[in-house]
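In this note's numbering, the protein residues as written are 327 to 450. For every residue, glycine included, the Cβ atom is placed at its ideal position computed from N, Cα and C.
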């Protein structure tokens, strides 16, 4: 299981405000400021960072890359999706059941301000 993920941003101040709101709502807190001007967040077990690319190039979206946040309830998946949209994100899939019946996967999808794809989900 991965323990951290990073996304690049060309709009770090706005991206930090976006992630402060969206991740803060589900209990993730800023852990430290990153040297690039970004920020690292943690839920106590895993880390997520929004940073400027190390090589100094513009941040770009990885085609096919998605970061999923496991949440403890359908209600929090709904709130994550709504808050991400209210914070400037774009809809990539409203909250609802996905996949086969046995998976019981309740998921939603958004893109952040730079186009990075995020999923919020509750299994079972």
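The beta-carbon distance between residue 377 and residue 399, rounded to whole angstroms, is 30 Å. This is too long to meet the 8 Å contact definition. In this structure, the CA atom of residue 420 is about 7 Å from the CA atom of residue 407. With a cutoff of 8 Å on beta-carbon distance, residue 403 and residue 433 are scored as near each other.
Here DSSP, grouped into helix, strand and coil, assigns residue 425 to coil. Here DSSP, grouped into helix, strand and coil, assigns residue 385 to coil. Here the alpha carbons of residue 405 and residue 440 stand approximately 21 Å from one another.
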